[in-house]
Structures are given as structure tokens and as C-alpha cells.
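To start, the structure under review is shown below, and the notes come after it.
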Amino acid sequence: MNARGVKEICIVGCGPRGLSVLERLCANERAGTGHERVTVHVIDPVAAGPGSVWRTGQSQHLLMNTVASQITVFTDDSAQIEGPIEPGPSLYEWARGLALLGELGGYDEAVIEQAREIGPDTYPTRALYGSYLRDAFDRIVRNAPAHVQVVVHRSRAVAIADVQGVSGGPQGLRLEDGVRLNALDAIVLAQGHVPVHLSPREARAASLARIHYLTYITPSNPADVDLDAIEPGQNVLLRGLGLNFFDYMTLLTAGRGGRYTRDAEDRLVYEPSGREPRLVAFSRRGVPYHARGRNEKGATGRYLPRLLTPAYIRELRGAHGDRSLNFSRDLWRVIAREVESVYYSTLLRQGGLGERECEAFLDDYLAAPDGELAEVLDLYGIAEGDRWDWQALSRPHGDREFADRREFRTWLLGYLERDMREADVGNLSSPLKSALDVLRDLRNEIRLAVDHAGLEGGSYRDDLEGWYTPLNAFLSIGPPASRIEEMIALIEAGVLELTGPGTEIRLESGPDAAFVASSRQVPGEPIRARTLIEARLPEIDLRRTADPLLRHLLETEQAAPYRIPGEHSDYVTGGLAVTERPYQLLDARGRAHPRRFAYGVPTESVHWVTAAGIRPGVDSVTLGDSDAIARAVLALPPATSVPAAVRPPEAEVDLTGVLI
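Dropping the structure here:
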């Protein structure tokens with residue numbers, strides 16, 4: 000229990016979000032809150048700063064999908080926050096400084112070499128980002144106010160309880176190593192991706208694989224998976240062609256000693272090491288995520304919406320009163336119009352139309368009723384073959400049925416080449432890539448509309464989660480173009496094959512048991528493999544969590560899955576239920592805990608696309624979140640202010656669960 004002016008705080012999870020809360024606590028304390036002493040306990044089983052996902056020891060072959068100049072953990076003048084602005088370096092600025100320091104920076108030669116080679120639009124390795132986060136943590140602790148002490152616990156949190164049985168009283172937290180912190184004024188949960196138990200379908204596949212001595216790799220972070228048992232030359236099936244697929248692709252090729260070179264025509268060529276397996280990949284669409292366009296926006300540039308503005312969203316939500324929005328009815332038309340307008344204006348500019356005329360087009364197109372859009376396009380001379388087609392983008396092969404795998408391979412290579420060329424033109428100059436980048440730039444505005452039950456439950460489940468979120472990922476959250484170029488080289492080298500849309504997997508039993516892949520739309524001999532990799536991250540679902548702390552909170556009814564009210568019935572999500580800012584934890588009865596806060600990946604569905612990082616110069620939502628949490632924590636009265644008369648006896652304290 001803490002005396003007045005003394006505060007003890009715990010942050011569970013110290014990757015980028017936990018680090019941001021720590022930075023905001025220090026910044027707000029520096030501005031003056033009247034505390035005599037503040038102790039911040041940082042809990043992370045791997046490393047404070049990088050956490051697990053961005054740990055520095057992972058493969059150097061794994062890349063981020065954001066350029067170095069667009070990555071930070073610090074505030075800047077764009078941040079609309081109540082706390083003080085305390086700027087710090089972006090990843091790119093930090094790397095340039097490290098390159099100048101050389102060995103004096105305290106890093107090994109491999110890190111220094113990466114820092115020397117990095118440019119503002121380079122996609123850094125995840126390990127380098129981890130080094131940046133570790134340095135940021137050290138900087139924040141080193142520069143903390145004299146009365147702020149940071150204590151790191153390299154362990155895992157497993158239980159939380161109200162020490163005196165009252166939510167306003169001291170908080171207790173137990174760690175996996177047996178340490179107990181029983182005098183906390185506040186606890187902030189800032190975990191990232193946490194483990195989950197297998198879904199029924201995954202558990203069945205895993206069980207069958209064990210019975211038949213096959214290898215089934217469940218949804219995981221590829222950096223955490225031991226791939227050594229996969230033998231050279233053997234077939235490996237990969238289900239999924241998103242970002243996780245590209246991680247597995249590089250770990251099983253370049254990560255096994257293969258090299259990329261360029262031929263006389265400057266085409267990328269893959270030279271196998273002989274230690275690679277044969278990769279056979281597929282997904283529902285049959286093609287990989289779109290390559291990210293070459294960055295032309297600098298560190299802070301972004302598309303500013305003309306229709307889906309914060310004012311429009313406030314008006315929209317206000318007009319509906321107590322009724323939630325419907326994504327298809329209220330949001331999709333506006334999002335689509337923003338994207339299409341950028342495509343057409345860039346196309347017209349590319350064709351020589353002046354800026355004034357392009358602005359006139361934008362005014363006409365954005366204001367036109369749905370039934371008159373074709374007339375606007377006719378007026379500006381946009382040919383039928385150049386017109387935007389959402390259906391063609393989302394299903395590139397359409398209803399086409401291929402004669403065989405050779406025909407599909409020819410079509411696929413052409414598709415990938417076109418995507419790579421468009422990406423090389425840039426995210427301002429290419430009509431296609433500039434338009435797709437709008438989807439990324441509109442994320443903050445979409446969050447304003449859909450977060451905290453902004454959508455009706457059925458619409459959130461079917462329209463947002465079931466349709467738009469995967470479409471948005473496919474079109475705008477893809478890999479660097481270099482990964483698509485490597486994919487082409489691997490296909491041409493015979494190391495990688497895509498089986499096409501409509502691929503299904505069966506498990507054949509018997510003495511020659513195997514996973515067997517075949518496509519309904521691309522005929523060919525079924526492909527047999529003894530290894531199947533689910534090339535995606537685990538779903539975020541509190542109900543299936545394998546994280547000991549979240550499981551404890553759920554089973555003791557101190558936490559609950561988030562429910563979104565629906566027109567016919569509520570939609571129970573897998574997200575961790577919290578209030579609006581500052582995100583106090585809700586229990587199974589819907590009561591907010593005054594001394595517990597949570598944000599980040601486990602709250603997905605309360606918040607949308609929680610895995611997005613902090614970007615400088617664009618008023619990153621994560622900075623607003625972390626500042627609000629830090630200020631709420633620091634404003635709490637001391638836990639000892641709970642009247643003794645309402646406290647249960649000390650004997651009732653139990654960090655293993657709730658007493659009944």
C-alpha cells in the first residue's frame with residue numbers, strides 16, 4: 000500500500016505499446032504531477048523494448064513491411080494528446096546516428112552494417128527494429144525523471160487480484176517465477192500477439208497428423224517455428240499467401256543458403272543451395288497479397304480524406320443516435336469513392352491533365368450520385384478498359400478455369416510482373432498503388448467509425464471482419480515489392496509452385512499417408528506432402544487464449560470477451576472487453592475496473608487493426624491511446640485511499656483466483 004505522493008505501476012508486456020506507455024508515464028511525470036516517487040514495474044518474459052515479436056536474435060532474413068522513416072515510438076507535433084510532446088528519433092534517424100557512431104554505439108558489426116545501408120524508404124529487418132526498440136527503452140529509462148524508477152522483471156504475469164478484495168484498492172500481480180507485487184496502484188496490460196489454443200478444425204488436423212506421423216505446423220509467428228526437421232527436396236504445403244507466407248518462403252530458401260543474383264537482363268535469379276524443400280503454396284484467392292508501392296510520401300505524408308472526415312463520421316454517428324452503423328450502407332460507399340477518386344485523378348494526371356482540371360474532376364466525381372459516375376468518367380475521357388473494378392482486384396483470375404498448371408503458371412507470372420512494375424512506379428505516381436495506399440491511410444478514420452461498437456454486431460462480423468478486413472489486407476498491407484520479385488525467381492527456379500484458387504487439402508491415410516493438395520480451377524496431378532504449414536498468425540480470441548494471465552482473468556470473471564450489440568442478437572467477439580479511452584478493463588458483469596487498463600492486439604474488435612505500428616507525423620492513434628492511459632494512471636488516488644471499513648480481512652487475499 001502506498002503513501003500519498005508515492006505510486007507503484009505495472010506494465011505487462013513491453014513491446015512497442017508497453018514501451019509507449021512507459022515513455023508517456025515518464026514524459027507526464029517530467030511535466031510535473033506532484034508525486035514524490037514513482038516505481039514502474041515492466042514485465043516481459045523476453046526483452047523490454049523489443050518484446051517477443053521484435054526480438055533482436057531472430058533471422059536477419061525477416062523484414063518489416065513498413066519503411067524505416069515511417070516507424071517510431073515517440074511523439075511529435077502531429078500528436079493530438081494532452082500530455083507533453085517529447086520528440087525522439089524514428090528508426091531511420093536512429094540508424095543514421097548509429098552508422099556515424101560505429102562501434103562506439105555499442106552494437107555488433109552486423110547491426111552497424113545494416114544501419115549504414117539503410118535509407119528512409121528501406122524495409123528494415125525485424126531484428127534491426129528490435130535493436131531500435133531496445134535502444135529506445137534504454138533511452139527512456141536513462142532520461143527518466145530522478146523520482147521515477149523502472150524495475151524490469153524478465154518473467155511472465157500469471158495472475159491478478161484485488162489484494163483487499165476491493166477494486167479501488169491495491170492491486171496484486173503474481174509472476175511465473177513466484178515474485179508477487181502486492182502494492183500496485185495500477186496495472187496496464189500492453190501485450191501483443193499471445194498464444195491461443197487450437198480451433199476445433201486445427202486440433203483435428205493436428206491429431207490426424209500425429210496419428211499418421213505427418214508434420215502439421217499450426218498458425219504461428221514463423222520466427223518462433225523450428226523448421227529444421229523439414230528435409231531438402233521434400234514437398235511442403237503452405238496454406239496462405241499473406242505476410243506469414245513470405246516469412247516462411249525466405250526462411251526455407253535464402254535462410255537455407257540460397258542466393259539471389261541478377262542475369263545479363265537484370266532479372267533476379269535464384270541460385271539454390273540444395274538444402275531447400277519444394278514449396279507448394281495456395282490460398283483462397285490463389286495469388287499473394289499486393290506488393291506495397293515504392294514510397295513517395297516521405298516519412299509523414301498521407302492521403303487526407305475528402306469525404307470520410309472525422310467531422311463526417313461524428314455527424315454520421317450522431318444522426319443514428321442509439322443505432323449503430325452498418326458498414327455496407329454507411330461506410331463502404333464513401334471508402335470506395337475516396338479510393339476510386341485517387342485512382343482516376345492519378346490516371347488523368349499521368350495522361351497530361353493539369354492540376355486545376357484534376358481538381359475539377361475530383362469535385363465532380365466525389366459529388367456525383369452513384370448512378371451518374373459513368374457519365375463523369377465519359378466526360379473526362381476515361382476508357383472502359385481503364386475503369387476501376389473492385390471485383391477484378393479482389394478476384395484477379397475471375398471465373399477463369401485454367402487448362403492445367405502450366406497455363407496457370409504463365410498467367411500467374413504475368414500477374415506478378417505487372418504488380419511489381421506498378422509497385423516500382425510508386426504510391427503517388429502509380430494510379431493503382433496510389434489508390435490502394437488510400438486504404439492504408441484511411442485506417443484512422445475507419446477506426447473512428449467502427450471502434451467501440453460503432454457498427455451493428457452483424458455488420459461488424461459479416462461486413463468488416465468477414466469481408467472488408469481481409470480485402471484491405473490483401474490490397475494494402477502486402478510485402479515489399481522485393482518479395483514479389485523473389486517469388487517470381489523462386490517459381491522460375493522450380494523451388495516454389497502455386498496451385499491456384501480453389502485448392503483443397505485432404506489427408507490420405509494408409510502406409511503412404513500424406514497431405515494431398517488439388518485445385519478445382521487448375522487441373523493437375525494431386526500434390527502429396529508430409530508437411531502442411533498454416534501460413535498465418537493465430538486468431539485473436541480471448542476464449543481460446545493460452546496466455547496464463549488472460550486465461551486466469553477470463554476464468555475468474557475478471558475479464559470478458561467484448562460483445563457488440565446486434566440488430567437480432569449480440570456478436571460475441573474474441574477481443575478483450577475494455578471501456579473507451581483510457582481503456583479500463585471490463586469484468587464479466589460489464590463493470591470497469593478503476594485500476595486496470597488494457598490496449599493493443601488482445602483488444603481487437605473493440606478496436607480495429609490493432610497490430611498497426613506507430614508512425615511519425617500522422618497523429619498515430621497508438622500515441623493518443625498510450626498518453627491517455629498514462630495520464631489516467633498517474634491521476635489515480637493512492638490505493639490506500641479506500642476506506643478500511645470496506646476492506647475484507649487480509650486472509651481473503653488470493654492471487655490464484657476469485658474467492659466464492
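When we follow numbering that gives the first Met the number 0, the leftmost residue of the sequence shown carries the number 0, and every step to the right adds one. From the three backbone atoms N, C-alpha and C, an ideal C-beta is built for every residue, glycine too.
The Cβ atoms of leucine 575 and alanine 597 sit closer than 8 Å to each other. For arginine 133, the enclosing alpha helix (DSSP H) has its first and last residue at 125-141. In the DSSP annotation of this structure, the continuous segment of the alpha helix (DSSP H) that includes phenylalanine 407 starts and ends at 404-424.
For proline 309, the enclosing alpha helix (DSSP H) has its first and last residue at 309-318. DSSP places phenylalanine 473 in the helix class (H, G or I) of the three-state scheme. The beta carbons of valine 437 and valine 341 sit about 5 Å from each other, so the pair counts as a contact at 8 Å.
If you ignore the 5 residues before and after tyrosine 561, its C-beta comes within less than 6 Å of the C-beta of Thr572, Gly574, Ala576, Ser604 and Val605, all in its own chain and listed in chain order.
Burial state of histidine 396 is buried, judged by a 10 Å Cβ sphere holding 16 or more other Cβ atoms. In this structure, Ile210 is the residue among Thr578, Ile210 and Asp388 with its C-alpha nearest to the C-alpha of glutamate 507.
In this structure threonine 260 is exposed. Its beta-carbon is surrounded by fewer than 16 other beta-carbon atoms within 10 angstroms. The DSSP-derived three-state label of tyrosine 343 is helix. Residue pairing for asparagine 234: DSSP places it in a beta bridge opposite Arg277.
Taking C-alpha positions only, glutamate 7 is separated from valine 620 by approximately 26 Å. In this structure, DSSP gives phenylalanine 401 a state outside helix and strand, which the three-state scheme calls coil. Contact fails between the region 491-506 and the region 301-316, because fewer than three Cβ pairs, one in each stretch, are under 8 Å apart. Judged by DSSP secondary structure, serine 517 falls within the beta strand (DSSP E) whose first and last residues are 513-518. For tyrosine 379, the CB contacts under 7 Å within the same chain, skipping 5 residues up- and downstream, are Leu347 and Phe360 in chain order. Around the beta carbon of arginine 322, fewer than 16 other beta carbons sit within 10 angstroms, so the residue counts as exposed. Residues Gly241 and Tyr288 of the same chain have their beta carbon placed closer than 8 Å to that of alanine 472, with the five preceding and five following residues left out of the count. Listed in chain order, the non-local C-beta contacts of valine 617 below 7 Å within the same chain comprise Ser77, Thr299 and Arg301, local neighbours out to five positions each way being set aside.
Here DSSP, grouped into helix, strand and coil, assigns glutamate 566 to coil. For proline 560, the pairing in a beta bridge is given by DSSP as Leu575. Separation of asparagine 27 and aspartate 626 (C-alpha to C-alpha, rounded to the nearest whole angstrom) is 8 Å.
For the options Gly4, Glu421 and Ile10, the alpha carbon positioned closest to that of leucine 548 is the one of Ile10.
One alpha carbon belongs to proline 144, the other to glycine 12, and they sit about 22 Å apart.
Taking C-beta atoms as the reference points, alanine 189 and arginine 16 count as a pair closer than 8 Å. Exposure of threonine 409 is indicated by the presence of fewer than 16 other C-beta atoms within 10 angstroms of its C-beta. Residue range 5-11 is occupied by the beta strand (DSSP E) that includes lysine 6.
Of Arg313, Leu585 and Arg284, the smallest CA-CA separation from glutamate 503 is found for Arg284. For the set Gly589, Arg588 and Ala611, the Cα lying nearest the Cα of glycine 599 is the one of Ala611. In the three-state scheme derived from DSSP, where H, G and I count as helix and E and B as strand, arginine 258 is classed as strand. DSSP places alanine 185 in the uninterrupted beta strand (DSSP E) bounded by 185-188. Residue range 442-449 is occupied by the alpha helix (DSSP H) that includes leucine 447, with no beta strand (DSSP E) assigned at that position.
In the DSSP assignment, histidine 40 forms a beta bridge with Cys9 and Val150. Shown here for valine 338: same chain residues with a beta carbon closer than 6 Å to its own, the five before and five after excluded, namely Ala434 and Val437 in chain order. In this structure, glycine 353 lies away from glycine 456, with their beta-carbon atoms at least 8 Å apart.
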